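Each position in the sequence shown, counted from 1, maps to that position plus 286 in my numbering. Data block below; observations after.
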Amino acid sequence: RCQEPSLSISGAMAEFEVDEVSDAEKLQIAQHFLLNSPPGQFTSVLEDVKSLVPPALITDPLLQGIAREFNTKNLRVLETADAKVILCKAGETDASHYIHPSSKRIFPVNHVTMALLEGEEPQAMSTPTNPEVEDYRAAVEQAVEAYVGSQYSEESLSTSAVFADASSTKLTVVISGEKLNLRNFWSGQLLSTWSVTISGASATISGDIKVRAHYFEEGNIQLQSKKSVAEATISASDPGGLAQSIVEHIQGAEGSLQDGLESMYSNMTDETFKAMRRAKAVTGNKMNWNVNEVRLNTTLHKK
């Protein structure tokens, strides 16, 4: 590896030296950029990062690990001919295989290309779902699918999955909604994960909702908002009742988060931006926004 020269600036005040960044530091910076890629832009960020670091620094196994962390953290969806598979910890059997609960198959995933692993095909699940909760899981899955279909844009890559723990009465509900319009310089995601534990005729539910948005026309603005929803008790007298209670709880929590964001943006216009504006000119006089007076002053100055 070529030794990059250090920069030395000598002068009357002091001497400054800029040390070379080590490979370990370069790798840490590259990983930070990749893990914080905006929705739908991991590949673009990867191309830019590769142009900034030595070619051999990011090895294929290392890149697979970074991509895996990014994919599972952001609930990315693997699209195949007959399934949409959410890549999440609840459905992970190992580093490159993920459960599609509705079809009871396991899909092999290349995390970098977001395609099936070359030479492998989806396989049937070898471990069956806990029979005590399968009826509940199937009912919740159907209700959540209907909710996502009615509330999320048809143009978005949106799907859901419900996983059952093999040795308990716990369900994990995952919703991933992503909409990309990179031609018009924006993209966004709404992600949520919910933990449901059934106990007799009732159940407890808690979850996290995350919103990510990116706007980059003549700028680069990212929004990241996360809300943790405290545990609550809901009815679970039968599979259909539990499914309905879960959907109502999720819809209420997601609606509350969106209402909060809308209120924040409204306050930005009415309060935040107003507070940032100068009430008076540097002369101490209030601004006069009378358009006719401005035109008159312009005309007089021209003369």
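Note that CB positions come from ideal geometry on N, CA and C, so glycine has one too. Quick caveat: nothing in here was measured; it's all calculated off a predicted structure.
Drop a sphere of 10 angstroms on the beta-carbon of residue i, count the other beta-carbons inside from all chains shown, and report buried for 16 or more, exposed for fewer.
i, result
"Ala432", "exposed"
"Asn360", "buried"
"His318", "exposed"
"Pro347", "exposed"
"Leu457", "buried"
"Gln314", "exposed"
"Leu332", "buried"
"Glu440", "exposed"
"Asn553", "exposed"
"Asn405", "The residue asked about is misnamed: residue 405 is Gly in this sequence, not Asn. Its Cβ having fewer than 16 others within 10 Å, Gly405 is exposed."
"Gln537", "exposed"
"Ser462", "buried"
"Thr358", "buried"
"Leu320", "buried"
"Phe328", "buried"
"Gln475", "buried"
"Pro387", "buried"
"Val448", "buried"
Report the three-state DSSP secondary structure of residue i (helix, strand or coil).
i, result
"Glu464", "strand"
"Gly326", "coil"
"Gly526", "helix"
"Val363", "strand"
"Ser442", "coil"
"Ser473", "strand"
"Ser511", "strand"
"Asn396", "strand"
"Ile520", "strand"
"Ala410", "strand"
"Ile344", "coil"
"Val339", "coil"
"Thr358", "helix"
"Leu349", "helix"
"Leu582", "helix"
"Ser531", "helix"
Which two residues bound the contiguous alpha helix (DSSP H) that contains residue i?
i, result
"Val434", "417-437"
"Ala310", "309-321"
Where do the ends of the beta strand (DSSP E) carrying residue i lie?
i, result
"His500", "488-501"
"Leu373", "Segment: none, Leu373 is in no beta strand (DSSP E) and carries neither H nor E."
"His383", "383-386"
"Glu378", "378-380"
Give me the Cα-Cα distance between residue i and residue j, rounded to the nearest whole angstrom.
i, j, result
"Glu306", "Ile491", "51 angstroms"
"Asn578", "Asn506", "37 angstroms"
"Arg469", "Ala376", "33 angstroms"
"Gly351", "Gln530", "38 angstroms"
"His500", "Gly435", "24 angstroms"
"Pro408", "Tyr551", "45 angstroms"
"Leu528", "Tyr422", "7 angstroms"
"Leu364", "Arg581", "60 angstroms"
"Met400", "Gln510", "23 angstroms"
"Phe393", "Leu477", "21 angstroms"
"Val419", "Gly546", "35 angstroms"
"Asp524", "Ala487", "7 angstroms"
"Asn467", "Tyr438", "16 angstroms"
"Ser323", "Ser542", "26 angstroms"
"Ser514", "Thr479", "10 angstroms"
"Arg391", "Ala369", "10 angstroms"
"Thr584", "Glu548", "40 angstroms"
"Leu343", "Asp309", "7 angstroms"
"Ala539", "Val497", "13 angstroms"
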